[in-house]
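Those sequence lines, one after another, are chains A and B.
Heads up, the first sequence is in our numbering, so the first residue is 1 and it goes up one at a time.
Heads up, the second sequence is in our numbering, so the first residue is 1001 and it goes up one at a time.
See structure below.
Protein chains: 2
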Amino acid sequence: MSGGGAIERVLEGFAAGHKASLARAVSIIEDQREGHERLAATLHPKLGRARRIGLTGPPGAGKSTLTTLLAEAYLAAGMKVGVVAVDPTSPFTGGALLGDRVRMERVALHPNVFIRSMATRGSLGGLASMTREVCDVLDAFGMDRILVETVGVGQSELDIARLADTSAVILVPESGDAIQTLKAGVMEIADCFVVNKADRPGADRLRNDIEVMLGLRGGGGAAPDAHHGIDLKALNPKRQAREAAARDDDQWTPPVLRTIGATGEGMPEFIASLDRHLAYLERSGTLQSRRRERLRDRVRDVVEHRIHRRLWRDEGIQQWVEAQLPALERGEVTPFTVAEALLARSVAAGTFTGSPT
Amino acid sequence: MSGGGAIERVLEGFAAGHKASLARAVSIIEDQREGHERLAATLHPKLGRARRIGLTGPPGAGKSTLTTLLAEAYLAAGMKVGVVAVDPTSPFTGGALLGDRVRMERVALHPNVFIRSMATRGSLGGLASMTREVCDVLDAFGMDRILVETVGVGQSELDIARLADTSAVILVPESGDAIQTLKAGVMEIADCFVVNKADRPGADRLRNDIEVMLGLRGGGGAAPDAHHGIDLKALNPKRQAREAAARDDDQWTPPVLRTIGATGEGMPEFIASLDRHLAYLERSGTLQSRRRERLRDRVRDVVEHRIHRRLWRDEGIQQWVEAQLPALERGEVTPFTVAEALLARSVAAGTFTGSPT
């Protein structure tokens, strides 16, 4: 394998703690360059040090500012910090106000931080897998905290957020009708809510609404809910379970925090909440189960990637499919019968267990 | 199979030309309800009548208006018309001005038209496959023209546009720096360019820029290109090939048309261009090769879908993966060795050739 020497050199520099080697390793993984599987396999036993913190929310919620403030705080505490930005509106990836960018660039100069933005090429589905792999590289490098910033609250962004040990959902009073964005999926992933820019009008209202949804507040009459026209409580699928388990004294209830990114107000409480949640994760065994979930997904990804590569790059299979096309066109066979025959042929030919490149 | 009778009833109504049965068939395919493969297999031999026309472009380009006008023209010519909208800003799918919606609703009442909007749940990659399958159902129903409207010019939208026999890219003078959106991928799929809202300032300039990019104009000095700071000619990967084949008298060069959706101006020329392109496709054998490409993709989708279902719903495999997790966590094995063992076990157990549900 011609890339062998290059991978060895990356691994040597990586083991010696060189950021340049880390950057190369991340690129090899992200671009799936030759040797990427060997690199990932070599790094695999080193996983497990880092705590992964996801920051998710709509554009303009101030995620980048909070990410920068968190990174600064962890660095000040002597930790090594990785930042992965999957957010086209983030200063880490491009679009941002000058002030955000300057602050981020200052943090980036610190020797104990490594910042990487993920290209949003290809589908977001693939991006979630790739983000997890990049986080694994940062973990193997010895990062204590990995901050993953993602924008939006759609399914694909939730898949990315789900990679983290702890997920914070960042909202602002003016981010549209914020309650509308708190769909079931968001409630599922949120270990912590942050109402950022909390000095602006509507912050208390938003906080109250979230707390009603979480079942932290009775909501009194219909007053705080009614003007949205939504039954806030019904939005939270975890709520009933939480209420049923109310006597369990080690149940995590997502706190709803207030921050002002511009001044740093509320940051100590946010950091303390994340620490408390990480401690809870360890104590309750949830940290381990989240890690197992990631390993399970990783195995599945590798299996699917190999099948994909072996099947569709196989010249014999390509030729066979081409030979079926005329009969398919004439409607004499269907895509289903052709697919089934292809599977049988591939199994018989040993295609699925071919040697990896 | 409990869904058997239901599928038979849908097929009967379908064969009799009932729109309600078509609607049910589309839903069964789109939601992958029980029996959807049998339905698709039964319809497969009926494919091939429809010509599929894609309309792609940035939001606000007036795609829905042009789609409606095309549908009206084809209906007036006695054709049966299907419309598939994969566009969250379209009146077919929801967000639209009242005027657009009224016109579309009037068209929708015509007995020879069927309109379907695609839910954008899941990834756009899956959406492209699903759009192709829905178009197949409309084709099997006997539609003469299928209009597929997609918004945006990203990779995923291009995948959807690529499903069509003929693709029109719709632009407007004010759609940002329109030339910037004409990336290599767009140039590849565009069989026809339409400058809509051509009564607005900048229409001639946009048309000129596209023609320079297509090599239809020398571009004289640097004048029309220079203010963009881009070498327009370099953006077009097909251009050299086209110039090399300049003496081939059956080469298709995408026309650049002007329309005003609000008044219908330019529509006869647009319709004539689409007809000319469809005739060119048939004459040159390109129609057949585009269909073969769709069949190839369809076989691939079915194979991957079956593998996915058989592997990850197999209880034995699930249990085996769970049993590997502790060693994976301890770093004694890697995701790669586990994946390889899983593939070998699945082949041995006949998982890949399991009977479809």
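Glycine included, every Cβ here is placed at the ideal spot set by N, Cα and C.
query: Give me the Cβ distance between F1193 of chain B and L1257 of chain B, rounded to the nearest whole Å; I'm assuming they're in contact under 8 Å.; result: 7 Å
query: Determine the chain A residues that contact R1298 of chain B at a beta-carbon separation under 7 Å, and present them in chain order.; result: P335
query: Please report the residue range of the beta strand (DSSP E) in which L39 of chain A lies.; result: No beta strand (DSSP E) contains L39 of chain A, which is instead part of the alpha helix (DSSP H) from H36 to L43.
query: For L43 of chain A, tell me which candidate among A:V137, A:L69 and A:A23 has the shortest Cα-Cα distance.; result: A:V137
query: Shortest alpha-carbon distance to M1130 of chain B belongs to which of B:L1311, B:G1048 and B:A1085?; result: B:A1085
query: On a Cα-Cα basis, can you pick out the residue from A:R276, A:D191, A:A140 and A:G350 that is closest to G1331 of chain B?; result: A:A140
query: Below 8 Å on the Cβ atoms is my contact criterion, and I expect P254 of chain A with A190 of chain A to pass it. Report the Cβ-Cβ distance as a whole number of Å.; result: 5 Å
query: Is G1005 of chain B close to chain A, meaning its C-beta is less than 7 Å from at least one C-beta of that chain?; result: no
query: Is it true that the CB of T1067 of chain B sits closer than 7 Å to the CB of L1075 of chain B?; result: no
query: Under the three-state reduction of DSSP, which class applies to R1033 of chain B: helix, strand or coil?; result: coil
query: Between the alpha carbons of V1347 of chain B and I1271 of chain B, how many angstroms are there, rounded?; result: 53 Å
query: Verify whether the separation of the beta carbon atoms of R51 of chain A and R132 of chain A is less than 7 Å.; result: no
query: Skipping 5 residues on each side, what residues in its chain have a beta carbon closer than 7 Å to that of G62 of chain A?; result: I170, V172, N196, K197 and G261
query: For the segment 1032-1066 of chain B, which residues have a CB atom closer than 8 Å to at least one CB atom of chain A, in sequence order?; result: E1037, A1040, A1041, H1044, P1045, K1046, L1047 and G1048
query: For the pair the segment 302-310 of chain A and the segment 1332-1343 of chain B, tell me if three or more CB-CB distances fall below 8 Å.; result: yes
query: Consult DSSP for A23 of chain A and reduce its assignment to one of helix, strand or coil.; result: helix
query: Quick check: the Cα distance between L1325 of chain B and R38 of chain A, rounded to an integer number of angstroms?; result: 20 Å
query: Report yes if the C-beta distance between V107 of chain A and E72 of chain A is below 7 Å; otherwise report no.; result: yes
query: Quick one: is D1209 of chain B buried, meaning 16 or more other Cβ sit within 10 Å of its Cβ, or exposed?; result: buried
query: In terms of DSSP beta bridges, what is L55 of chain A paired with?; result: A:E149 and A:A168
query: Take M1079 of chain B and list the residues in its own chain whose beta-carbon comes closer than 6 Å to its own, dropping the five residues that flank it on each side.; result: D1144 and R1145
query: Nearest chain A C-beta to G1331 of chain B closer than 7 Å, yes or no?; result: yes
query: Can you find the residues in the same chain that come closer than 8 Å, C-beta to C-beta, to T166 of chain A, ignoring five residues on each side of it along the sequence?; result: R51, R52, I53, G54, D191, C192, L274, H277, L278 and L281
query: Would you tell me roughly how many angstroms separate the C-alpha atoms of R298 of chain A and P1335 of chain B, rounded to the nearest one?; result: 7 Å
query: How far does the alpha helix (DSSP H) with V321 of chain A in it extend, from its first residue to its last?; result: E315 to E329
query: Between the alpha carbons of G60 of chain A and G1035 of chain B, how many angstroms are there, rounded?; result: 45 Å
query: With distances taken from CA atoms, which of B:V1081, B:S1064, B:P1111 and B:V1134 is nearest R1103 of chain B?; result: B:S1064
query: Opposite E265 of chain A in the DSSP bridges: which residues?; result: A:I260
query: Are the C-beta of V1338 of chain B and some C-beta of chain A separated by less than 7 Å?; result: yes
query: So with CB distances below 7 Å, who are the chain B contacts of V302 of chain A?; result: P1335, F1336 and A1339
query: In three-state DSSP terms, what is V107 of chain A?; result: helix
query: Can you confirm whether F114 of chain A, when its beta carbon is compared against all beta carbons of chain B, has any partner nearer than 7 Å?; result: no
query: Spell out whether any CB of chain B is found under 7 Å from the CB atom of F352 of chain A.; result: yes
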